[in-house]
Structures are given as structure tokens and as C-alpha cells.
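Working notes, beginning with the structure itself.
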Amino acid sequence: MTKKDQDSIQEKILAYMESNGLRITNQRRAIVEAAFSTTDHYTAEELLDSARKIDPSVSRATVYRTLPVLVQTGLLRELDLGRDQQVYDPNYATHPNHNHLICVDCQKIIEFEDYCLDVRESVLAKNLGFRPGVVKLRIEGSCEELAKTGSCSKRLVH
Numbered sequence: 173m174t175k176k177d178q179d180s181i182q183e184k185i186l187a188y189m190e191s192n193g194l195r196i197t198n199q200r201r202a203i204v205e206a207a208f209s210t211t212d213h214y215t216a217e218e219l220l221d222s223a224r225k226i227d228p229s230v231s232r233a234t235v236y237r238t239l240p241v242l243v244q245t246g247l248l249r250e251l252d253l254g255r256d257q258q259v260y261d262p263n264y265a266t267h268p269n270h271n272h273l274i275c276v277d278c279q280k281i282i283e284f285e286d287y288c289l290d291v292r293e294s295v296l297a298k299n300l301g302f303r304p305g306v307v308k309l310r311i312e313g314s315c316e317e318l319a320k321t322g323s324c325s326k327r328l329v330h
């Protein structure tokens, strides 16, 4: 994501907050900046850590109150990747039609876009009498490192 994209997204979110009667505080600015200064997926706690690097006064409560607002804008997507907590994806603002591959061993997330898959999903939905709305594709498996070496150095201990 380019700096120009980040700035544009942040402006849209701050305008959305203002138009919905939310105060634009330094904490909220730091949260918005942290949320869209990365292309990595993150949890609420990871966002809190990133926002506190920008403004140490950012509170956990403000992060948890601000995240739903960011999701409401449509620029941040909340994902259920089969974990114990929600993961947030900041890449829908610039790449709204992407999907995810998730390693079940190390939880690595790889995003991909596939025009042919998009067309197939639309044709399938139409043939079954549906109008596609939100399409979420999640493919779970093991990453290449595990397949090549038999172990994954990033494997999470369950």
C-alpha cells in the first residue's frame, strides 16, 4: 500500500467518524494510522501495540471501540480464520476481491486474487439463482516449509 493510499484511507475514515458524530482524538488518529500503515493481518492486541508506538496514551478500550467503526467503513475487514480471536485485514481498501490461504501449522496468511475464480463464483451463484454479495474464500493447509522439510520453524505449539 502506498503512502498516498494510506493517506486517502485515513482521510476517508476520519471523515466517516466525524460525519457520525465521533470525536477525532489523538488516540483515534493513532489507531487509524496503525491500522492502515501495514499490509499484515493483525489482532486487536497487535493493533494496540502498533498504535501505542505512535501514541503511548492509546488505551485498549479505545482500540476495541474503534475497530467496529473501522469495519463499518468497509475499508477494514474482520476475518474469522478459525482462531480464538478475530483478525483484521487492512487490504480490502485497495484489493477488495482477494482471498486467503492459511497455514494450519504456523498460521501464516497468504492473500491471493484470481480473476478466473471471481468469474466462476459469479457464474455459479447466478446458475443457482443467487446474486453474489460478500464472497469469502479461505483455504487451509500446510505451508511449503512443512511440506519440504517435514517441520515448520514458525509452527505454533497448541
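For what it's worth, the working numbering labels the leading residue of the sequence shown as 173, then goes sequentially. No residue lacks a Cβ here, since even glycine has one placed at the ideal position from N, Cα and C. Owing to the predicted nature of the structure, the values given are computational and were not obtained by experimental measurement.
*asked:* Judging by CA-CA distance, which residue of 177, 218, 256 and 263 is the nearest neighbour of residue 284?
replied: To locate residue 284, count along the sequence shown from 1; it is residue 112. When only C-alpha atoms are compared, the closest one is 263.
*In DSSP terms, what residue 284 is bridged to*: Translated into the one-based positions of the sequence shown, residue 284 becomes position 112. Answer is 271.
*Grab the span of the alpha helix (DSSP H) containing residue 260 for me, first residue to last.*
The residue labelled residue 260 in the question sits at position 88 within the sequence shown. Counting along the chain, residue 260 falls outside any alpha helix (DSSP H), though it belongs to the beta strand (DSSP E) covering 259-261.
_Spatial neighbours of residue 181 in its chain, beta-carbon cut-off 7 angstroms, leaving aside the 5 residues before and after_ = Position 9 of the sequence shown holds residue 181. These residues qualify, in order along the chain: 208, 247 and 265.
*How would you write the range of the alpha helix (DSSP H) that residue 200 sits in, first residue to last?*
Locating residue 200 in the sequence shown gives position 28, counting from the first residue. Residues 198-207.
*Measuring CA to CA, which of 287, 279 and 297 is closest to residue 360?*
Any property of residue 360 remains undetermined from this structure, which presents the chain solely from 173 to 330.
*Would you please state the rounded distance, in angstroms, between the beta carbons of residue 216 and residue 236? I believe it to be under 8 angstroms.*
Indexing the sequence shown from 1 puts residue 216 at position 44. Indexing the sequence shown from 1 puts residue 236 at position 64. That belief holds up - the Cβ atoms of residue 216 and residue 236 are roughly 6 angstroms apart, short of 8 angstroms.
*Looking at the unbroken beta strand (DSSP E) that takes in residue 251, where does it start and where does it end?*
Residue mapping note: residue 251 aligns to position 79 of the sequence shown, counting from 1. Per DSSP, residue 251 belongs to the beta strand (DSSP E) from 249-251.
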